[in-house]
Every structure is written in structure tokens, then in C-alpha cells.
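J.:
Protein chains in written order, with the numbering used here: chain A, 3 to 509; chain B, 1094 to 1306.
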């Protein structure tokens, strides 16, 4: 079974065993549609083992630290309402953020789409004469394909988060918000380091501590000499202009503190109105994401502080489809997301297929509602069958676990159902719709007693196509559309009406 | 074509429609804990959380502090000077032989910080519930770089700086929101390999907390 999920590209043989998952042109739409990609992923037993181990670990950790908090539900209510408030007051809050950052010596840029954001980052780096930037893991910069855009202009973007470094060294794609290399186990990571990391010790073992030390040595010189850093933002405080980044390793602090120039790419929905609103989110986020009471490091900075940290700060406010998501009153709740990844870790579908099957840098339940809205047509429409992303809302069992763990109470199941309805509506006008055709035929047969009896006799004849267990596993086209994903019980050899009539005769 | 700023704001207003309904935020969560700031129970809780993160914790009296700082540095067995922010109480440092001061106006280079054995700082506030110590860049805590690049951080926390909950700390910090803040919860760590926590990546691999009670 193949695990190939990406866009075709000729690859060197020595890329094995890490590939093949080349970097796509569109970080929000790559690979095959979900059903095909999932089928391939399910055949990869190593992947399933890695994912099951990792998601079980993190689920247990999260459950333990959330149970410790007596007012968890009240915090969720507050978090959800603050995010609703942010969207309702978005124009005013963005203007206020811009003003407060500017007053503190920062420069605010606005970017309508990925290209515009990438261009701004590249221009800043070029103005500083930098051919290299150090990066903090950030979903926003993944979403806009910043690394590839910078590379095209001769600027190397160095990922400094351990998992992101693993992904970058393997020329892979991330498969999780928090742990982009969740699909790799320690032995695979050791092999990647040995093959691709300059200066990796030849006797490197697969102990996580040794691997972390190797990454420390590898990146230390980069940190101490980097001129420009690029980050995302977990929160931007409108009132004060303060930006917050939460992290674990200290790579974030290195990037936010040592280089002379800092560029932060922030989605326009990442705001909170006031500084004290952080008291809600700095409780919700760490416990939901890494399952810790608090993440090791949180950095908060406000514009430029003379003599401490970067003396040039650029904040790029990114739309890239977010205003389109905002158009839908139900779907816009996807913009409340604080990227904790709790919904990925509890999702029975994600646990089995992994992040790559979603064909977007936003996988899992939140990705299934966010990606199709970010990439779909405007006006709360679905692109329908022609867009692989239209299949994403179907990548769920609707079990509701994602809603229960969401720290900001995004009702993901309801939005999934809403998006499914949109996808079906979009397909209604298609030239040949097998479902509609079948329903039309059924309607014709069932509206006349004689025709219905004829149909019953025809159905009884198919009794023989089933196996010993009376199940049909494969039908020729167009029946294969049904049997491709499910079995079909054979019709009874005698219909109920036939049986009833015979019974009456024998009486 | 209009500029990006106006266009994005126009798109947002169009998406929201006229007069989006105002949102009331329910704040039924705790804004303070049951434990009084600086109480022995709050300090016990803080110590428990810090130990859970594999930080070293020692309770000392004000008189014992200089010797405790010297001991913590000696225990590292590392070579190089000890970096301190220039606003740190000099009485704390009497047990140290090789001390270099750093400030915003006279900063040490990254290479000097990298060669240091340790850094000693004070703190702004500590959160017992989460085992978090917050530095806000004042003269006794120094530039963000000095508590980051050296491989060991000795942090002095006074009992009266310990609060129980996150909201108590945030409200205190909100008095000076523009100060650069670093929230530290244990030594640097990663869970990126199979989601197993490993202490010690890019930030200081050793965190010594001296609680002055």
C-alpha cells in the first residue's frame, strides 16, 4: 500500500526513508481528497502505532490537569465569549491594536493574502541584508508557505522548534499543530538527524534527551548570530499592543529576544481586547495543548523596549481568507480557535489517519471546518465535488469529543453538519448525480404497484450475487460507488409482500 | 486598488453586517484563590509545582540568602562568571567570586552570556497553582537575554511575591503591561518526541528557585 499523499515530484533515491511528502504549492490544499488519502494512511501500520501512542499520552495528561481546575467550565464560557466579542468588534479592536503597537515603536502591516504577507517579510529581511532568518513554529507562517516563498528569494528560513526542525530536515509536512512531527517515533527522528543534520554525533542514540541535546548544539550558533527572526502570535492585546507567544523549549525566547529585528505574522482573529483577558487564555491554552499546568516559557512584549530585545518590530496582520470565514454566522466560530490541538488528540478519525490525510496544514476536527472555509468560495458557499477540501467536513464521526475538549467551546460537530449541507447543495446542480438519479428511479418504481412488484422480483434475482454470508462486497459500476466503501446485504430471495400473499393462500 | 488596510477593514464590516450584536462576557471564574498571597500554604503549593517541573527549590531566610546563592552556583560545577542585572541587591552576591553586571545601557554580548556559568535574578511575581515565575525586566531582573542564554538560572522569590492563581498575577502585571515579560515554569523542556517530556533544550537547563521566607 502506498503512502504517497502529495503532489508528484521527482525525488532522489537517498530521500528515503523520510519521504515522500514534498512541499505543496498550496499549504491549505494538497494531496488527494480525504477519503483517498485516509485509505492510504490507514495502511501504514507504523504511522498508526506512532499516532496511537502519542495521542493516548497527551489525552491522559490533558484530562489530569483539566480535572485539577475547579472553574474550568467557567473559564471555557469566558474564553468563548471573549472570542465572540473579538469578532463582533474586530474593526475597532484591530485599529486599536495598530495604534498601541505603533505608539510603542512597532510597525504594523496589513496583508490581504499569503503572497502579500510573504512579500512583506521578504522585504524586511532583504532590507536588513539577511540571507537567513530564524523562525518560531507558527501555524500562520505554515498557512502562507512563508519558508518556500523566502527560499524563492534566496532567504533561508531556519525552523527552531524541535518538531518543526525534524519536519524541515526530513523535507516533510507537519501533521499536528503542537507536535508537527507526531507521526515520527524516536528511531525515525534519530535516523533523520543522522542523515540530515550537520554535525550530528555519529553515535547518537534514540533517547529523547540525546536528540534534544543534539538539536540544542545544532541551533545554538544560529540563535546567537541571527539578525532577523520571524514568529507567529498566540495573542495580541488590542488595548496595550502586547503580543504573547507561548512555548516550551526556549527557542521562542531566543528568536524573540536575541535578533535585532523581529517580524510577527498574526491572523486578524488572534486578538484579545484587554490585557486582563490573558488571565483566561493563559489558563485554557497550556492545559489543553501540552497537558501542562503552564508551558515552560511565555513571552509578552509590547512594541520595542529600548535596550532589551529586538529594536525593530514588525507586526503583520493577516487576512488570507479569514474575512470569508467571518461571513458565515455559524462557521465563523472556527475563528475562535486558539490552536491548542486538543480536538486532534481526542478525534477517533485523526488518531487513525494522522494529519497528512487532511491535505492542509490545519488537520483534525478544527481543520475540517477551518480549511474548507478558508479556501472555499465566499458567501458561505461550498466549492462542491471539484474541490478536494469539500470532502473534509465528512472526515468525522460526529462523536462530539472535539466539542467537549475545546477550551473555547467551538461547536465543531454542528459546523461540520452545516458544511456538509453546503457541500451537498453545491453538488445539486451537477449534470450527473448518481444519488439523484437513483432516487428518481426509485420514485418512478414505487409510485405504481405493478412497477414496484416488478422491481421486487428483479431484486430477488440478485440474491445469488451475495456470498455465503449474504453480503455483496463488490458490484460493477455504478453499483461500485456504493460497494467501494461499504458492504451491501443481498435482498431476500422472497419479498415481504410475496411472503404475505403466499401465507394467505396457504391458509 | 485600495490599500490592504482599508480593504481588510471593509471586508470585515461587510461580513459582520450592520450593527453586530454586542457580546457580554461571563466572568464566573475565580479571580483569586483560597490561599492568601505569601501564606505558607501558597508557598508549599508553589514548591510542589516547581519540583514537578524538575526545578531545584530551597527555602532560605533573608540572612541565609547570600550563602544559598553561592551554594546553588557552586553546585553547578560550571566554569565562568555569574551574570547579574545591575539592579540586583549587592548584599546577595557577597558569596560569589566572579560577578559581571549587565544592563540595558551596558549590555554584555551574546558570547559573554553564553560563557557565563549562571545568572542570578529577582522576580516580579510567582503563581503557586501553575509553578510559574514571572520576570518583568525591571533592574533587579534585567534584560530578557540574561535569564535565557546562560545554562543555569538562580531565581530569588520573596514569600510576599507568591500568589495562588493566574488571574491574581495577571492583574498585578496589568499595572505595567508594556514591560517585557517572561513567564518561566521550570527549566526549558520539550514534548516533541512521542509527547514525552524532556527537560533541557535551548533555555537554561537548570532552574534553582530560592524562596525567601
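Using N, Cα and C, we set each Cβ at its ideal position, and we do this for glycine too.
Could you name the residues of the region 72–96 of chain A whose beta carbon sits closer than 8 Å to any beta carbon of chain B, in the order they occur along the chain?
T.: Residues passing the 8 Å Cβ filter: 72, 73, 76, 77, 79, 80, 83, 84, 86, 87, 89, 90, 91, 92, 93, 96.
J.: Rounded to whole angstroms, what's the CA-CA distance from residue 506 of chain A to residue 499 of chain A? Just pull it up for me.
T.: Approximately 11 Å between the Cα atoms of the pair.
J.: Which same chain residues end up closer than 6 Å to residue 107 of chain A when comparing Cβ atoms and leaving out the 5 residues on each side of it in sequence?
T.: Hits under 6 Å: 305, 306.
J.: Give a yes or no on whether the minimum CB-CB distance between residue 1152 of chain B and chain A is below 9 Å.
T.: No - not a single Cβ of chain A is within 9 Å of the one on residue 1152 of chain B.
J.: Does DSSP put residue 1286 of chain B in a helix, a strand or coil?
T.: Coil at residue 1286 of chain B, not helix or strand.
J.: Touch check for the region 194–212 of chain A and the region 385–392 of chain A: three-plus C-beta pairs under 8 Å?
T.: Judged by Cβ distances under 8 Å, the region 194–212 of chain A makes no contact with the region 385–392 of chain A, as fewer than three pairs qualify.
J.: I need the DSSP call for residue 15 of chain A, collapsed to helix, strand or coil.
T.: Confidence in residue 15 of chain A is poor, its pLDDT being 38 and thus under 50, which makes the residue's placement too unreliable to answer from.
J.: Can you tell me whether residue 148 of chain A is helix, strand or coil according to DSSP?
T.: Reduced to three states, the DSSP call for residue 148 of chain A is helix.
J.: Excluding five sequence neighbours on each side, which residues of the same chain lie with their C-beta closer than 6 Å to the C-beta of residue 63 of chain A?
T.: Answer for residue 63 of chain A: 293, listed in chain order.
J.: Answer with yes or no whether the minimum CB distance from residue 1102 of chain B to chain A is below 9 Å.
T.: Yes, its Cβ sits closer than 9 Å to a Cβ of chain A.
J.: Within this structure, are the beta carbons of residue 400 of chain A and residue 333 of chain A separated by less than 9 Å?
T.: In this structure, residue 333 of chain A does not lie closer than 9 Å to residue 400 of chain A by Cβ.
J.: Can you give the Cα-Cα distance for residue 405 of chain A and residue 425 of chain A, rounded to whole angstroms?
T.: Cα-Cα distance, rounded: 22 Å.
J.: Thinking just about the alpha-carbon of each residue, which of A:504, A:392, A:347 is nearest to the one in residue 59 of chain A?
T.: For the residues A:504, A:392, A:347, the minimum Cα distance to residue 59 of chain A belongs to A:347.
J.: By Cβ distance below 8 Å, which residues in the same chain neighbour residue 154 of chain A in space, the five residues on each side in sequence not counted?
T.: Within the same chain, residue 154 of chain A has no close Cβ partners at all.
J.: If we call anything under 9 Å between Cβ atoms a contact, is residue 271 of chain A one with residue 92 of chain A?
T.: Yes, the Cβ-Cβ distance between residue 271 of chain A and residue 92 of chain A is below 9 Å.
J.: Is the Cβ of residue 307 of chain A closer than 9 Å to any Cβ of chain B?
T.: Yes - at least one Cβ of chain B is within 9 Å of the one on residue 307 of chain A.
J.: Rounding to the nearest angstrom, what Cα-Cα distance links residue 527 of chain A and residue 482 of chain A in this structure?
T.: Any property of residue 527 of chain A remains undetermined from this structure, which presents chain A solely from 3 to 509.
J.: Who are the neighbours of residue 187 of chain A on chain B, taking C-beta pairs under 9 Å?
T.: The answer, in chain order, is 1286, 1287.
J.: Here's the rule: buried if 16 or more other CB atoms are within 10 angstroms of the residue's CB, otherwise exposed. What is residue 472 of chain A?
T.: It is exposed - the Cβ of residue 472 of chain A has fewer than 16 other Cβ atoms within 10 Å.
J.: Assess, as a yes-or-no matter, whether the region 77–92 of chain A is touched by the region 365–374 of chain A under the definition of 3 or more beta carbon pairs within less than 8 Å.
T.: With a cut-off of 8 Å, the region 77–92 of chain A and the region 365–374 of chain A do not count as touching, because too few Cβ pairs lie within range.
J.: Roughly how many whole angstroms lie between the Cα atoms of residue 450 of chain A and residue 416 of chain A?
T.: Cα to Cα, the separation comes out at about 39 Å.
J.: Can you tell me the Cβ-Cβ gap for residue 1216 of chain B and residue 1249 of chain B, rounded? I've got them flagged as a contact below 8 Å.
T.: Contact flag correct, Cβ pair sits at about 7 Å.
J.: Taking all protein chains shown into account, do 16 or more other C-beta atoms lie within 10 angstroms of the C-beta of residue 29 of chain A, making it buried, or fewer, making it exposed?
T.: So residue 29 of chain A ends up on the buried side.
J.: Indicate whether the contact test is met: 3 or more Cβ pairs, each with one atom in the region 350–360 of chain A and one in the region 317–325 of chain A, closer than 8 Å.
T.: No, the region 350–360 of chain A does not touch the region 317–325 of chain A.
J.: Got a sec: is the Cβ-Cβ distance from residue 1242 of chain B to anything in chain A below 9 Å?
T.: So yes, residue 1242 of chain B belongs to the interface.
J.: Three or more C-beta pairs under 8 Å: does that hold for the region 1285–1305 of chain B against the region 210–230 of chain A?
T.: Taking 8 Å as the limit for Cβ pairs, the verdict is that the region 210–230 of chain A does touch the region 1285–1305 of chain B.
J.: Nearest-angstrom Cα distance between residue 1302 of chain B and residue 1149 of chain B?
T.: Those two C-alpha atoms are separated by around 6 Å.
J.: Would you report the Cα separation of residue 237 of chain A and residue 339 of chain A, rounded to the nearest angstrom?
T.: Each residue's alpha carbon lies about 11 Å from the other.
J.: When burial is assigned at 16 or more other CB atoms within 10 Å of the CB, is residue 486 of chain A buried or exposed?
T.: Classification of residue 486 of chain A: exposed, given that the 10 Å Cβ count is below 16.
J.: Starting from residue 299 of chain A, find everything on chain B with Cβ-Cβ shorter than 8 Å and list it in chain order.
T.: Within 8 Å Cβ-Cβ: 1275, 1276, 1277, 1278, 1281, 1296.
J.: Threshold first: 3 residues or longer. Then list the beta strand (DSSP E) segments lying entirely within the region 270–305 of chain A, N to C.
T.: Whole beta strand (DSSP E) segments, 3+ residues: 299–304.
J.: Starting from residue 1216 of chain B, follow the alpha helix (DSSP H) in both directions and report where the run begins and ends.
T.: No alpha helix (DSSP H) contains residue 1216 of chain B, which DSSP labels as neither H nor E.
J.: Could you name the residues of the same chain whose beta carbon sits closer than 7 Å to that of residue 1174 of chain B, not counting the 5 residues immediately before and after it, in chain order?
T.: Once the five neighbours on either side are set aside, the close Cβ partners of residue 1174 of chain B are 1191, 1192, 1193, 1209, 1210.
J.: Can you pull the chain B residues whose beta carbon is under 7 Å from the beta carbon of residue 183 of chain A, in chain order?
T.: What residue 183 of chain A touches in chain B: 1285.
J.: Three or more beta-carbon pairs under 8 Å between the region 39–52 of chain A and the region 271–284 of chain A, yes or no?
T.: Too few Cβ pairs lie closer than 8 Å, so no.
J.: What do you reckon, are the CB atoms on residue 1234 of chain B and residue 1228 of chain B nearer than 9 Å?
T.: Yes, these two residues count as a Cβ contact at 9 Å.
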